[in-house]
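Numbered by our numbering, the letters in the first sequence go through residues 103 to 521 in order.
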Amino acid sequence: MTNILDELQWRGLVAQTTDEAGLREALDGTLTVYCGFDPTAASLHFGNLVQLIVLRHLQRAGHRVLVLVGGSTGLIGDPRPTSERVLKTKELTAEYVARIQAQVRPFLDFEGDNPAVVVNNLDWTAPLSALDFLREVGKHFRVNQMIRKEAIAARLESQEGISYTEFSYQLLQAMDYLHLYREFGCTLQTGGQDQWGNLTAGVDLIHRAEGGSAHVLTTPLITDENGEKYGKSAGNAVWLAGDMTSPYAFYQYWINVADSEVAKLLRVFTDRDRDQIAALEESAQERPHLREAQRALAADITTLVHGAGATAQVEAASQVLFGRGDPATVDAPTLRDATAELPGADVEDGSSVVEALVATGLADSKGAARRLIGDGGVSVNNVKVGDVDQVLGDADFLHGSVALLRRGRKHLAAARKVL
RNA sequence: GGCAGGUUGUCCGAGCGGCCAAUGGAAGCGGACUGUAAAUCCGUCGGCGUAUGCCUACGCAGGUUCGAAUCCUGCACCUGCCA
């Protein structure tokens, strides 16, 4: 059997590791790995998904997985190179922690004989006094070294500077690694490439405090062919929470990836093996119009994040919305399901198309809406709108309830009639 | 501390008393072509509006003027040269 590290490398999930030979050897046995997720928002996002995938692979390879949700680190904030963060309240952070703890569950096995464990660093950080922290943890760190970290160096250069609070962040994260090393024998921490400094700070601390050795594995930033970060849809983050990015929008995000990128993304985000991915890659080259690779990618990831039921629904909805058929011929329940996840708004019978476009968010302003219609970029129920003053009448509300507005090729919204 | 230059729309970057909602490029958005792809070409790109109309905008605060992004004063920040 090949080493899991080879598998991760083949999938493009490894940017950098400490002592690769040593790590490879450790992975031949069984180790305990952890990855931390700070509760900076009410949901994990695209970037965190990569980390969850790595943990998933490692758990399947027989390693023990600890998922750390950062109840304490989230209160402090990892310094960004650009500007100081605004502190979140303890209540809000606790709320995010609870949401994220629940959110990671589908990705890992929490039952069985090798269950993943969720830990919260607030449990061991909160009881620690400032004096003990300074004496036991702080003493192991040299400021000289800390200020060399990229994010911190950038902030020291900046007009704004950096608060003592954020400066301390790396000590907290390092302390987490030490704690998990002691309590669980954890010897591997994974994270994004930008976390390298924080991760290795933990390795150093384990070495200084315990004389032990531990590993770090970082994942590359996933970028497209232009070097742009993935995970932004129309400028907004792609969230894993269905109430923040709908399963429909999530699926659509993936179905739209470029041909040249799809094989790479299949390797990173799906469980498909080399043969399957090779076949899909070939399909993308030979029969690109079928979009088989994109469909597989979108279906696999949507299923992983939202479940098979959600995937079936959004596939059906996509079929209705992007198929060639006339939406008027779709039966009422199917239409309702297909439009359920679209952005929508309630409109009066007799409202203008312009008003409906603004109400549903397809256009930013009435002026923009008029422009779009003038450019021929708007359709109602797949029929192009030719007149800027066109209104939505009875016939436009399919099954008496909803009109399907489209801007451009792929932006849809539901205008629901107010009864 | 001294001297010089800069701060313009999402970003870069012109404008240097009226013709400026502000040249040009990028991003974005729409159209054509396609495959809900890329590339290319075309259009569009502050808000309201039927409008030759109104509002908001050229670092911040004042001032001069019939009229200022453009001139003057003060303030903040940035850059270069000298100490």
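Even for Gly, the Cβ is constructed at its ideal location relative to N, Cα and C.
query                                                                                                                                                      : result
So what's S420 in DSSP terms, helix, strand or just coil?                                                                                                  : helix
Note down, in chain order, each residue of its chain lying with its Cβ closer than 8 Å to the Cβ of A196, except the 5 sequence neighbours on either side. : G173
Since R201 contacts S145 with CB under 8 Å, what's their CB separation in whole angstroms?                                                                 : 7 Å
Between the C-alpha atoms of D439 and S420, what's the straight-line distance to the nearest angstrom?                                                     : 11 Å
Between which two residues does the beta strand (DSSP E) holding T267 run?                                                                                 : Careful: T267 lies outside any beta strand (DSSP E), inside the alpha helix (DSSP H) at 266-269.
Express the C-alpha separation of L506 and N484 in angstroms, rounding to a whole number.                                                                  : 8 Å
Distance, Cα to Cα, K192 vs T227?                                                                                                                          : 14 Å
Exposed or buried, which one is W112 when buried takes at least 16 other CB atoms within 10 Å?                                                             : exposed
In angstroms with no decimal places, state the Cα-to-Cα distance between L500 and A418.                                                                    : 18 Å
What separation, rounded to the nearest whole angstrom, lies between the Cα atoms of D496 and V432?                                                        : 17 Å
Assuming R187 is part of the beta strand (DSSP E), what are its boundary residues?                                                                         : Note, R187: premise wrong, no beta strand (DSSP E); not H, not E.
For G294, list the residues DSSP reports as bridge partners.                                                                                               : T321
Among D278, Q297, F209, which one has its Cα closest to the Cα of L230?                                                                                    : D278
If you follow the alpha helix (DSSP H) that K519 is part of, which residue opens it and which one closes it?                                               : From DSSP, K519 is part of no alpha helix (DSSP H) but of the beta strand (DSSP E) over 513-519.
DSSP on Q133, reduced to helix/strand/coil?                                                                                                                : Reading off the sequence shown, one finds Leu at residue 133, where the question assumed Gln. If DSSP states are grouped into helix, strand and coil, L133 belongs with coil.
Within the chosen definition, does the stretch 104-121 reach the stretch 314-323 through at least 3 CB pairs nearer than 8 Å?                              : yes
Would you please state the rounded distance, in angstroms, between the beta carbons of L406 and L367? I believe it to be under 8 Å.                        : Not confirmed; about 13 Å, so no contact.
Cα-Cα, which of G469, V416, A470, D498 is closest to S453?                                                                                                 : D498
Given this structure, state the Cα-to-Cα distance separating D180 from D215, to the nearest angstrom.                                                      : 35 Å
Which residues does DSSP pair with K468 in a beta bridge?                                                                                                  : Partner(s): none; K468 has no beta bridge.
Within the stretch 389-467, note down every full alpha helix (DSSP H) run reaching 4 residues or more, in order along the chain.                           : 394-408, 410-424, 434-442, 455-462
Using 8 Å for Cβ pairs, my map puts T302 next to T134. What's the rounded Cβ distance?                                                                     : About 18 Å; that fails the 8 Å criterion.
L474 and A461 look like a contact to me (Cβ under 8 Å); what is the Cβ gap, rounded to whole Å?                                                            : Not confirmed; about 14 Å, so no contact.
Given 8 Å as the limit, is there contact between the stretch 303-312 and the stretch 345-359, that is, 3 or more CB pairs closer than that?                : no
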